[in-house]
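Engineer: Residue numbers (this note's numbering), protein chains in the order written: chain D, 1 to 80; chain B, 81 to 381.
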Amino acid sequence: MLGMWSTLKGMIAMMLGGLGSLPGAVIGGVALGLLEAHSQWLAGPQYRDLVAYLVLFALLALRPAGLWSVLRRERQAAAA
Amino acid sequence: MDDFTLGVLTNIALFSFLALSAYLLLIAGEMSFGQQAFFGVGAYAAGIGTAMWGWPLPLAAAFAMALGAGAAWLVGLPTIRLRGLYFAMATLAAAEMFRILFELLHYRREIDGDLVGPDGTQGFRGIRWILERGFEPHEFLALVAAILALVLGGFAVVARSRLGARIRMVGEDPELAAVFGVDVARLKLGVAAAAGALAALGGALYAHHNTYIEPRNFDIMLGVHSLAYGLIGGLGTALGPLLGVLIDIGLLESLRVFQGWRMIVFGGLVAVLLIARPRGLLDEAAVNRIRRALTTHRGPE
């Protein structure tokens, strides 16, 4: 199962940022990287994946459109 | 029958529970990549019940089903209104969380001088209730097959009922179902809980067949397979996912000809079928054709 981890990480990054959005994919990737590095540093390697999946689950439950849509909405609200 | 054949048949029966669990959600219109988590919950719960608390298997299996239904209900509560890829990803994330929690689970107790219980990534060995009661492999197979037959009977009853019609309606057109007064979210949540209980029942039996379980048994690949069984075998009848299990475990995993080619053939089969027959070999049209052929053969009543 050599490719499984990269498939999964890519999927998680994509869903975190927002499905179907190019800036979202970049933001999702950065967010996932920061999240994994910090949780591994703070709690240990087993918690790295746990935190990544937990955040993905919470985001899908609360904001299925992803991080980028949340950021964009705030920027539009600030401009208005 | 030799032990190998018995083992293969038992595995076919055991994984049929998981396949039926994924199938139940598929006909309600949701693709879950997370049913393996409830299979795992059932395996761990029943194993702890018999090996550590000294419960009889039926009680432990009932406990496992209750936990499986509860876990599936909790996962479904915030995610059941999601559709398609969103629901698939949410259930996948939940299932991976369960797998990592199994890795973090250390709960051991000394029984007859041996430390028994889940030990994180080291797994959980010594689930010997079946062996200690002197069950022969063919007797255990008969037990699992009988329970599976009961479950299939349940599916047949529900398929003919108003409940079954409502589930298929929600799966095909949730808006239309809502117009007809079906509480879509509530029905789907109930289906998810039932599917969780079914997966947990399979897991409970699986743990007692293998006597040893580890978190890796319940990884994503198991979820992908359980979903593919219904998609290959067909969504027109509860026998469809069984056909899928039969093709995968009965042919690809067990025959020497396919050794090493299992995943290639399996993946290819899924790809071809998704294009040629998106609802599987025994899809609704095929089931209707077979049913009509059987009734005309019998003649008018």
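Where is the CB? At the ideal position from N, CA and C, for every residue including glycine. Keep in mind it's a predicted model, so treat the numbers as computed, not measured.
Got a sec: which bits of the region 33-64 of chain D sit with their beta carbon under 7 Å from any beta carbon on chain B, in order along the chain?
Structural biologist: From the region 33-64 of chain D, only Gln46, Asp49, Leu50, Tyr53, Leu54, Leu56, Phe57, Leu60, Ala61 and Pro64 have a Cβ closer than 7 Å to chain B.
Engineer: Confirm, please, whether the CB-CB distance from B:Met145 to B:Ile191 is below 8 Å.
Structural biologist: Result no, Cβ atoms of B:Ile191 and B:Met145 do not sit closer than 8 Å.
Engineer: Taking Cβ positions, are B:Leu177 and B:Leu307 nearer each other than 8 Å?
Structural biologist: Per the sequence shown, the amino acid found at residue 177 of chain B is Met instead of Leu. No, they are not a contact pair.
Engineer: On the three-state DSSP scale, how would you describe D:Asp49?
Structural biologist: D:Asp49: helix per DSSP, three-state reduction.
Engineer: Helix or strand or just coil, what does DSSP make of D:Arg63?
Structural biologist: Looking at D:Arg63 - three-state DSSP - the assignment turns out to be coil, as it is neither helix nor strand.
Engineer: Suppose contacts are defined by Cβ-Cβ distances below 8 Å. Is B:Val325 in contact with B:Phe95 by that definition?
Structural biologist: Yes. Within cutoff.
Engineer: Using a Cβ-Cβ cutoff of 7 Å, what residues of the region 169-196 of chain B are near chain D? List them in chain order.
Structural biologist: Those residues of the region 169-196 of chain B that come within reach of chain D (Cβ to Cβ, closer than 7 Å) are Met169, Ala170, Ala173, Ala174, Glu176, Met177, Ile180, Glu183 and Leu184.
Engineer: Please report how far the alpha carbon of B:Asn91 lies from the alpha carbon of B:Glu333, in whole angstroms.
Structural biologist: Cα to Cα, B:Asn91 sits roughly 11 Å from B:Glu333.
Engineer: Please determine, among B:Gly348, B:Leu278 and B:Arg242, the residue with the shortest C-alpha to C-alpha distance to B:Val121.
Structural biologist: Ranking the options by Cα distance to B:Val121, first place goes to B:Leu278.
Engineer: So, is the C-beta of B:Pro158 closer than 8 Å to a C-beta in chain D?
Structural biologist: Taking Cβ atoms only, chain D reaches closer than 8 Å to B:Pro158, which makes this a yes.
Engineer: Which bits of chain B does D:Ser22 rub up against, with CB to CB less than 8 Å?
Structural biologist: Correcting the residue type first, residue 22 of chain D is Leu in the shown sequence and not Ser. What D:Leu22 touches in chain B: nothing, since even the nearest Cβ is about 17 Å away.
Engineer: Of the residues that make up the region 279-300 of chain B, which ones have a beta carbon closer than 8 Å to any beta carbon in chain D?
Structural biologist: So the list reads Ile300, given in the order they occur along the chain.
Engineer: Along chain D, which residues have their Cβ under 7 Å away from the Cβ of B:Leu162?
Structural biologist: Leu60 and Pro64, listed in chain order.
Engineer: For D:Leu42 and B:Leu181, what's the separation of their Cα atoms in angstroms?
Structural biologist: So the two alpha carbons sit approximately 18 Å from each other.
Engineer: Per the contact definition of three or more C-beta pairs closer than 8 Å, is the region 305-323 of chain B in contact with the region 183-201 of chain B?
Structural biologist: Touching, no.
Engineer: On the three-state DSSP scale, how would you describe D:Val55?
Structural biologist: Of the three classes helix, strand and coil, the one that applies to D:Val55 here is helix, per DSSP.
Engineer: Would the C-beta of B:Gly214 count as close to the ligand SAM, meaning under 7 Å from any of its heavy atoms?
Structural biologist: Of ligands this structure carries none, so the ligand SAM is not represented either.
Engineer: Quick check on D:Gly19 - is its C-beta less than 8 Å from some C-beta in chain B?
Structural biologist: Note on residue identity: the sequence assigns Leu, not Gly, to residue 19 of chain D. Yes - at least one Cβ of chain B is within 8 Å of the one on D:Leu19.
Engineer: The beta strand (DSSP E) with B:Leu195 in it runs from where to where?
Structural biologist: Per DSSP, B:Leu195 belongs to the beta strand (DSSP E) from Asp194 to Val196.
Engineer: Please determine, among D:Thr7, D:Leu54, D:Tyr53 and D:Ala31, the residue with the shortest C-alpha to C-alpha distance to D:Leu67.
Structural biologist: D:Leu67 has its Cα closest to that of D:Ala31, out of D:Thr7, D:Leu54, D:Tyr53 and D:Ala31.
Engineer: With a threshold of 8 Å between beta-carbons, can B:Tyr124 be considered close to chain D, or not?
Structural biologist: No, its Cβ sits nowhere closer than 8 Å to a Cβ of chain D.
Engineer: Quick one, are the C-beta atoms of B:Thr171 and B:Gly114 less than 8 Å apart?
Structural biologist: Yes, these two residues count as a Cβ contact at 8 Å.
Engineer: At which residue ranges does the region 126-175 of chain B contain complete alpha helix (DSSP H) runs of 4 or more residues, listed in the order of the chain?
Structural biologist: If we require 4 residues or more, the alpha helix (DSSP H) runs fully inside the region 126-175 of chain B come out as 137-159.
Engineer: Using the Cβ count rule (16 or more neighbours within 10 Å means buried), how would you classify D:Val26?
Structural biologist: Flag for D:Val26 reads exposed.
Engineer: State yes or no: is the C-beta of D:Leu60 within less than 8 Å of the C-beta of B:Leu162?
Structural biologist: Contact flag set, yes.
Engineer: Among the candidates B:Asp263, B:Leu228 and B:Phe118, whose CA atom is the shortest distance from the CA of B:Leu243?
Structural biologist: It is B:Asp263 whose Cα lies nearest to the Cα of B:Leu243.
Engineer: Does the beta carbon of B:Leu98 sit closer than 8 Å to a beta carbon anywhere in chain D?
Structural biologist: Output row for B:Leu98: interface = no.
Engineer: Under 8 Å between the Cβ atoms of B:Ala280 and B:Gly156?
Structural biologist: No, they are not a contact pair.
Engineer: Can you have a look at B:Gln202 and say buried or exposed, based on whether 16 or more other CB atoms are within 10 angstroms of its CB?
Structural biologist: Burial call: exposed.
Engineer: Given a cut-off of 8 Å on the beta-carbon distance, is the pair B:Ala149 and B:Ala126 in contact?
Structural biologist: It is not a contact, given that the beta carbons lie outside the stated cut-off.
Engineer: State yes or no: is the beta carbon of B:Leu165 nearer than 8 Å to at least one beta carbon in chain D?
Structural biologist: Yes, B:Leu165 lies at the interface with chain D (some Cβ there is under 8 Å from its Cβ).
Engineer: Please state whether DSSP places B:Glu190 in a helix, a strand or coil.
Structural biologist: Strand at B:Glu190.
Engineer: Considering only residues of the same chain and omitting the five flanking positions on each side of D:Glu36, which have a CB-CB separation below 7 Å?
Structural biologist: Taken in chain order, the residues that qualify are Arg48 and Ala52.
Engineer: Quick one: is B:Tyr292 buried, meaning 16 or more other Cβ sit within 10 Å of its Cβ, or exposed?
Structural biologist: B:Tyr292 comes out exposed.
Engineer: Pull up the distance between the alpha-carbon of B:Phe119 and that of B:Phe298, whole angstroms please.
Structural biologist: Those two C-alpha atoms are separated by around 7 Å.
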